[in-house]
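Trainee: For what it's worth, full-length UniProt numbering labels the leading residue of the sequence shown as 1, then goes sequentially.
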Amino acid sequence: MKDKRILYVSSEVVPYLPETEISSMSFEAPRLVNQQGGQIRIFMPRYGNINERRHQLHEVIRLSGINLVINDLDMPLIIKVASIPKERIQVYFIDNDEYFKRKATLTDEDGKLFSDNDERAIFFAKGVIETVKKLNWSPDVIHVHGWLASLLPLYLKEYYKDEPLFNESKIVTSIYNQSFNNTLNKDMLNKIKFDNINEGAVSVLEEPTYNNLMKVAVDYSDALIEGSENIPEDLKSYLEASNKPVLEYKNKDEFGEAYTTFLNTNVLS
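The following block contains the structure:
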């Protein structure tokens, strides 16, 4: 992986949030590539329950300051950055007071999904892409983790399809069993259509369930990884029918070698 540029986009990463399958893998995969001489960048949302002082986050003024239009509203984009101790890995945080100031991640204290998670997902996808454009950093691979990040493949290949920086980028999405019940805001499809994205490409989001969100990510990815040992049957069948390269689930001990081989032979070749 020496000198390969890999962009990691995740809804959660340790040590900034508690350990889960997603947050652990969103740290382990970049660390592995970093140790092999790859160039990496990690992006995640700056949720309000991340301790900025403890983790030494600071705003990057030169990257902040643009507005993203979400459902006809201007939303200021704030970029913060921190380094993972001992790893020499930089993490970029996508922030906005309206979407990410609350002291929680995806649900309220009663475990109920926030009603604007759909807009937060759109903002996160656009925010990552706009920031990478400002960095003028062209990734060889973009690896997506977690459902809040799952719109990134769609936006990259539809909304930003004429952006030359990503012409050669390959998108890999990991599918996990870390989902949610019910649906996101039922108006999600209209908010995506507002960005002139073809309704036919995302009609499944009339019901914005976890499985349907991930199906859109699968449709717009070049390769896929089973991040959990047991993923929903519906999604497993969808992966198999996609005719795209799929790395089947590997435990922590097996993952490193399998992941590197998969990227080199199935994604970058």
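We put the CB at the ideal spot given by N, CA and C, even for glycine. All values reported here derive from a predicted model rather than from experimental measurement.
1) Could you give the DSSP three-state label for D234: helix, strand or coil?
2) Tell me which same chain residues have a C-beta within less than 8 Å of the C-beta of T183, skipping the five on either side of it?
3) According to DSSP, which residues form a beta bridge with A252?
4) In the DSSP assignment, find the alpha helix (DSSP H) that holds A125 and state where it starts and stops.
5) From the DSSP secondary-structure annotation, give me the bridge partner or partners of Y14.
6) Among K126, N190, A241, V202, whose alpha-carbon lies nearest the alpha-carbon of D74?
7) Are the beta-carbon atoms of L224 and V246 separated by less than 7 Å?
8) Could you have a look at M214 and say whether DSSP puts it in helix, strand or coil?
9) Would you tell me roughly how many angstroms separate the C-alpha atoms of D110 and A104, rounded to the nearest one?
10) Please name the residue, chosen from M1, S269, R5, N266, that lies closest to L135 on a Cα-to-Cα basis.
11) From A149 to E130, what distance separates their C-alpha atoms?
12) The beta strand (DSSP E) that contains F43, what's its start and end?
13) Quick check: what's the CA-CA separation for Q90 versus S83?
14) Alpha helix (DSSP H) containing Y220: first to last residue?
15) Using only the alpha-carbon positions, how far apart do I40 and P30 sit?
16) When you compare only the Cα positions, how much space is there between G37 and I79?
17) Counting beta carbon pairs with one atom in the region 92-99 and one in the region 216-233, are three or more of them shorter than 8 Å?
18) So the candidates are L57, K86, P45, N185; which of them puts its Cα closest to the Cα of R102?
19) Could you say if the region 111-126 and the region 48-57 meet the contact criterion of at least three C-beta pairs nearer than 8 Å?
20) Nearest CA to the CA of V128: which residue from A241, Y259, I66?
21) Using the beta-carbon count (16 or more within 10 Å), is K161 buried or exposed?
22) I'd like to know whether the C-beta atoms of S169 and I142 end up nearer to each other than 7 Å.
23) Is the distance from the Cβ of Y259 to the Cβ of P153 below 7 Å?
24) Using only the alpha-carbon positions, how far apart do N96 and E240 sit?
25) Given S179, which residues of its chain have a CB within under 6 Å of its CB, disregarding the five upstream and five downstream residues?
Mentor: In terms of the structure at hand:
1) helix
2) E207, P208, T209
3) In the sequence on display, residue 252 carries Lys and not Ala. Note: K252 sits in no beta bridge, so no partner.
4) 117-135
5) Here residue 14 is Val; the residue named in the question, Tyr, does not match the sequence. Per DSSP, none; premise fails for V14.
6) K126
7) yes
8) helix
9) 11 Å
10) If we check each option's Cα against that of L135, R5 comes out closest.
11) Taking the Cα positions, A149 is about 14 Å away from E130.
12) 39-45
13) 5 Å
14) Per DSSP, Y220 belongs to no alpha helix (DSSP H) and is neither H nor E.
15) 7 Å
16) 26 Å
17) no
18) When each option's Cα is compared against that of R102, the closest is P45.
19) no
20) I66
21) exposed
22) yes
23) With respect to the 7 Å criterion, Y259 and P153 are not classified as neighbours on the basis of their beta carbons.
24) 37 Å
25) Y210
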